[in-house]
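In this text, residue positions in the sequence shown follow this note's numbering: the first is 1028, and each later residue adds one.
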Amino acid sequence: MNILFANTPDIKKVSIQLNWKYQFEFAGYIAAIEKGFYKDAGFDVTLKEYKSGINIQKDVENGVSTFGIYDTSIIDYYDKHKPIILLANYLKISPLVFITKKDIYSPLELRNKKISISSFELKNSSLKRLLDKFKIDKKDINIVPFSSVQSFMDGEIDAISAFITNEPYILEKNRIDYNIINPRNYEINSSGESLFSSLNYVKKNRKNIRNFIDATNKGWKYALTHKKELIDIIYNKYSKYKSKEALMYEAKKIETLMLLGAYKIGEIRKDLFTMVLEEAKATKKIDEDVKISDLIFSLSKYSKDYAFSKNEIKYLDKKDKITMCIDPNRMPYEKFEKGNYIGIIADIMKFFENEIHVPLEVYPTKSWKDTLLAIKQKKCDIVSEIIKTKDRDTYMNITKPYLNFPLVIATKKDVRYINSLNDIIGNKKIAIIKDYAFYKKLKDKFPNINFVNVKSLDEGLQKVMDNSIFAFIDSVTTIGYKLQNSYFSEIKISGKLDDTFNLSVGVRDDDALLYSIFEKLVQKLQLSKKHEILRKWVNVNYDNNVDYNFFWKVLIIFFIIIFIITYRYKEVLDNKKKIQEEREKLKEKNKELKKTQTALQESIQSFEVLLDSTMEAVLVFRDHNCIDINKVGCKLLGYDNPDEVIGQDLYHHVHEDFIVTLKESLNKNLDFYEIEFIKNDGTTFPALVKDRFIHINDEKVKLFTIMDLTELKNKERLLFKQSKLASMGEMIGNIAHQWRQPLSLISTISTGLKLKLETGLDEKSESIEYLDKLNSTAQHLSSTIDDFRNFFAPDKRKEDFAVLDMVNQNLVLLDSIFKTNFIEVIVNIDKNLKLNTYRNELTQALLNILNNANDAFKEQNIIEDKYIFVDSYKHKNNIIITVKDSAGGIPENIIENIFEPYFTTKHKSDGTGIGLYMTYQIVNEHIHGNIEAYNSKYSHNKKMYKGAVFKISIPID
1028 MNILFANTPD IKKVSIQLNW KYQFEFAGYI AAIEKGFYKD AGFDVTLKEY KSGINIQKDV
1088 ENGVSTFGIY DTSIIDYYDK HKPIILLANY LKISPLVFIT KKDIYSPLEL RNKKISISSF
1148 ELKNSSLKRL LDKFKIDKKD INIVPFSSVQ SFMDGEIDAI SAFITNEPYI LEKNRIDYNI
1208 INPRNYEINS SGESLFSSLN YVKKNRKNIR NFIDATNKGW KYALTHKKEL IDIIYNKYSK
1268 YKSKEALMYE AKKIETLMLL GAYKIGEIRK DLFTMVLEEA KATKKIDEDV KISDLIFSLS
1328 KYSKDYAFSK NEIKYLDKKD KITMCIDPNR MPYEKFEKGN YIGIIADIMK FFENEIHVPL
1388 EVYPTKSWKD TLLAIKQKKC DIVSEIIKTK DRDTYMNITK PYLNFPLVIA TKKDVRYINS
1448 LNDIIGNKKI AIIKDYAFYK KLKDKFPNIN FVNVKSLDEG LQKVMDNSIF AFIDSVTTIG
1508 YKLQNSYFSE IKISGKLDDT FNLSVGVRDD DALLYSIFEK LVQKLQLSKK HEILRKWVNV
1568 NYDNNVDYNF FWKVLIIFFI IIFIITYRYK EVLDNKKKIQ EEREKLKEKN KELKKTQTAL
1628 QESIQSFEVL LDSTMEAVLV FRDHNCIDIN KVGCKLLGYD NPDEVIGQDL YHHVHEDFIV
1688 TLKESLNKNL DFYEIEFIKN DGTTFPALVK DRFIHINDEK VKLFTIMDLT ELKNKERLLF
1748 KQSKLASMGE MIGNIAHQWR QPLSLISTIS TGLKLKLETG LDEKSESIEY LDKLNSTAQH
1808 LSSTIDDFRN FFAPDKRKED FAVLDMVNQN LVLLDSIFKT NFIEVIVNID KNLKLNTYRN
1868 ELTQALLNIL NNANDAFKEQ NIIEDKYIFV DSYKHKNNII ITVKDSAGGI PENIIENIFE
1928 PYFTTKHKSD GTGIGLYMTY QIVNEHIHGN IEAYNSKYSH NKKMYKGAVF KISIPID
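1) Can you check whether the CB of N1235 is closer than 7 Å to the CB of V1124?
2) Report yes if the C-beta distance between D1981 and I1954 is below 7 Å; otherwise report no.
3) Indicate the three-state DSSP secondary structure (helix, strand or coil) for H1722 in the structure shown.
4) Using CA coordinates, which residue listed in K1160, V1976, E1282, I1292 is at the minimum distance from N1216?
5) Going by C-alpha to C-alpha distance, which of G1487, D1441, F1432, Y1429 sits closest to I1457?
6) So, N1356 versus I1292, is the Cβ gap smaller than 7 Å?
7) How many angstroms separate the CA atom of K1556 from the CA atom of V1072?
8) Output yes if chain B places a C-beta closer than 7 Å to the C-beta of Y1466; else output no.
9) Check for me: the alpha helix (DSSP H) holding N1238 runs from which residue to which?
10) Do you know how far the Cα of V1410 is from the Cα of L1399?
11) Thinking C-alpha only, which one of L1782, L1540, D1676, L1137 is nearest K1345?
12) So, using beta-carbon positions, are E1703 and H1682 closer together than 7 Å?
13) Assuming the contact rule is C-beta atoms closer than 8 Å, A1464 and T1416 should be a hit. Round their C-beta distance to whole Å, please.
14) Would you mind listing the alpha helix (DSSP H) stretches within the region 1043 to 1125 that are 4+ residues and don't spill past its ends, in chain order?
15) Assign P1359 to one of two classes, buried (16 or more other C-beta atoms within 10 Å of its C-beta) or exposed (fewer than that).
16) To the nearest angstrom, report how far apart D1493 and D1650 are at their CA atoms.
17) Within its chain, find whatever has a CB closer than 7 Å to the CB of H1967; leave out the 5 residues flanking it on each side and keep chain order.
18) DSSP state of E1923, grouped into three classes?
19) Identify every run of the beta strand (DSSP E) within the region 1408 to 1474, keeping only runs that are complete inside it and at least 3 residues long; order them along the chain.
20) Since P1386 and K1348 are thought to touch, with beta carbons under 8 Å apart, how far apart are those beta carbons, to the nearest angstrom?
21) Buried or exposed: Y1961, going by 16 or more other Cβ atoms within 10 Å of its Cβ?
22) Is DSSP giving S1633 helix, strand or coil here?
23) Can you find the residues in the same chain that come closer than 6 Å, C-beta to C-beta, to G1533, ignoring five residues on each side of it along the sequence?
24) Whole angstroms are fine: how far does the CA of T1127 sit from the CA of I1083?
25) Does the Cβ of N1859 have 16 or more other Cβ atoms within 10 Å, making it buried, or fewer, making it exposed?
26) Who are the Cβ neighbours of I1144 in its own chain at under 7 Å, not counting the five residues just before and after it?
27) Regarding T1099 and the ligand SAM, is the C-beta to nearest heavy atom distance less than 6 Å?
28) Classify A1309: buried if its beta carbon has 16 or more other beta carbons within 10 angstroms, exposed otherwise.
29) Identify whether F1497 lies in helix, strand or coil by the three-state DSSP scheme.
30) What residues in its chain sit with their C-beta under 7 Å from that of I1917, if we drop five residues either side in the sequence?
31) So, with DSSP's three-state summary, where would you put L1222?
32) Given this structure, state the Cα-to-Cα distance separating F971 from I1319, to the nearest angstrom.
33) Return the bridge partner residues of S1899 from the DSSP annotation.
34) Suppose you measure from the CA of G1219 to the CA of K1119; what does that come to, to the nearest Å?
35) What span of residues does the alpha helix (DSSP H) with I1319 cover, start to end?
36) Starting from the C-beta of I1191, find all residues in its chain whose C-beta is less than 6 Å away, skip the five residues before and the five after it, and write them out in chain order.
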């Protein structure tokens, strides 16, 4: 049992406030009481049935109830001064809906209708969020005090808040027609029945919380596998509010809402709760600084299993940051580069940081010497990597090692394997980096070796290449990393020393609590996590032993000769000797068979190593059940070993929104396709998938390879942001240009009016005319601002719009630039041609193309006959938009590269190379259309021109 402190025999009396009457919705809690699971965990639990007027969240916040049950909408009213924390979630989909009369289909039709809903639901539920989305306020509906479904059956009300696990059973049994308005169908995602408590209680009882959750999970597992028994208990002991048949109906519905094929009992969907949190932030219902780890117990620092003492936890709670010194340039271990901390140790420190929820802030130093000086002077709290020595023990506390690497010998390729430094004959120079901790140790151990110092790893390897030294010694990690990136064809690892390179965390000697915390973190760092990080940075191959090729060749020739001699000799032997010969041959065959078996086993092991060395996750399925998975797959899906995955269904880790996509992709035999997966902890990630059939042991199986696209998607979003900011800069320039003439006119009119007023020459009619001009000009400026604001408004939904209106919007934004550069734009678009897509994204794509045409005229230094033709028409099932210029076209040698990121023909001060790339991404990835570019020669006004053509094809929904 994983707890932070030792168990206590005390039985704690606690209460759980339910959010409705006793029924199967609460069977897990009832089972945990009745079967003694809570008692075994140290709890005496009282269930509190819901009564009208109870505010569940306030009762828990104020300690009236220890625990409460409600859905995800409880996040909307999170109070930082009295925070709550979610412990578990059992219904992954909220059962809360509106049941309406059969003639009410939409939320909009609820206006002016009689609705029965509880005061708490009207304040805090997914139904409240649904009403808010359609801008339906309390005054827009006739609220009836909440009652049973009977009032709906009697026709007294038009709609009632209900659970799809309960009321439909009654209505169907009584043959009452009805409709269901489900918030989930209107993009309001919410889960049901989440167990929560106050953060204050969790802090004081953190050692017991995990036990309570485990006991509740155990209760739910029992209830789902013993439905009839629990229904009898509920009906006979708790409430006869519902019949046993209704309870069985509810039990089956409850089980489907728990999504047990995709989630564990009690598991919290981090993706859903994160989305709800962000929505609450966007609507200002919750502070921006609230994090998901503040809301979910399993993600919080209060759930960690490091056996931290009370003083250590109190220390971490008060600690704003931990200052860390590093070796500023020692890859692949660590490096501080362009403000980013990277490397093997950086990843391990990030893991530690996530475990204690306290930021580790890098204290910048220029060298390793500066780092040691900084920790001596107490400028930093810890050193990320340190080798223990007597001297260092005088000014810091050093943990047990968290990484151990062998020291290896690097030589030129032609050197044979070196078993020991003592095998090196002659006065050959062996280099080690100056001031490294293991230099003195090796010097004492091998006094006859000619050790020399070098300043850096690169200097040492370069001297090996130049034959200035015979060999260079360092850790297998640093040398292996270098060999991966350079020196690969000239240098190899020719030997391994018995000595190891042991790295620990160094903690300033005046902070005993921090040392104790890192000692526990280091000891709990799992081997699988280390291997995961190491595989990311280093993959080293080195000469493992003696080169046996020559030995085996000699041995084979020797056996051939012996065989020939023996064969000739045995021809003169009698039958007895021939029998003996056959026996000897049989023994040889047995030996060969054993060798073959050994070789086969080694081949299988080599294949498994190769499979685990790939960058992609690899899974093998037979009849939709997983039969094998590589280590990368385990890591990607969040498991420690393959046994946890083997046997799971094909769709177990596929996000429910993409299951249909996967099925369609499998039927279409696509080469690649994109879907989202769910990790073991509930987080999701996008992935590129390829599947194919293969045969293993004459059995047809399906092989899946999965590549994580998270980093690629993040970079893509960054590029979108850069593109949008670039467009904003250009648009501000356009507006400034457009405003010059109107502002000049305003200035002239106002100055003239003032002069006439001062001289008494003003006339009323003339002044009114001037004021009308001022108002007209101001309206023009306001319209320009509206165009600019609309352009940068984010697209949330597709919308219907006329293509001509969208094109004209672009031209208005660029009008002054085109006029200044004497560019004539000719538009040929039917005003009735309409599209349904993301208008602002298409506007940005078209704006990039038009700006590109303007730049092309400048680059080619074209003075006259500058034309841009914009055409649009319907072709088959697509709307086609073409933009053609007269700037001479795109050079043929680069036309294939123009949509690549950061590709530009402009000077670096004029272009970023992301405009056309983002245009391609918008059209092809977001709008799901197609864009292509080519050169064209054409005639206009009896004159020939050549220019670039950008053709956008958008499918009609």
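We put the beta carbon where it would ideally sit given N, CA and C, even for glycine.
Result, derived from the coordinates:
1) no
2) Asp is not the amino acid found at residue 1981; the sequence shown has Ile there. Yes, the Cβ-Cβ distance between I1981 and I1954 is below 7 Å.
3) strand
4) K1160
5) G1487
6) no
7) 39 Å
8) Looking at the structure shown, chain B is missing, and only one protein chain is on hand.
9) 1233 to 1252
10) 8 Å
11) L1540
12) yes
13) 5 Å
14) 1054 to 1061, 1064 to 1067, 1083 to 1088
15) buried
16) 59 Å
17) Y1894
18) helix
19) 1409 to 1413, 1423 to 1425, 1430 to 1439, 1456 to 1460
20) 5 Å
21) exposed
22) Per-residue confidence for S1633 stands at a pLDDT of 47, beneath the threshold of 50, marking its modelled position as unreliable; the derived number appears in the next sentence. Note: S1633 maps to helix in three-state DSSP.
23) V1410, I1413, M1423, I1425
24) 27 Å
25) exposed
26) L1154, I1170, F1173, S1188
27) Within the structure as shown, the ligand SAM is missing, as the structure has no ligands at all.
28) exposed
29) coil
30) I1925, A1960, N1962, A1975
31) strand
32) What is shown of the chain runs 1028 to 1984, which leaves residue 971 out entirely.
33) I1856, I1908
34) 6 Å
35) 1319 to 1322
36) P1122, V1124
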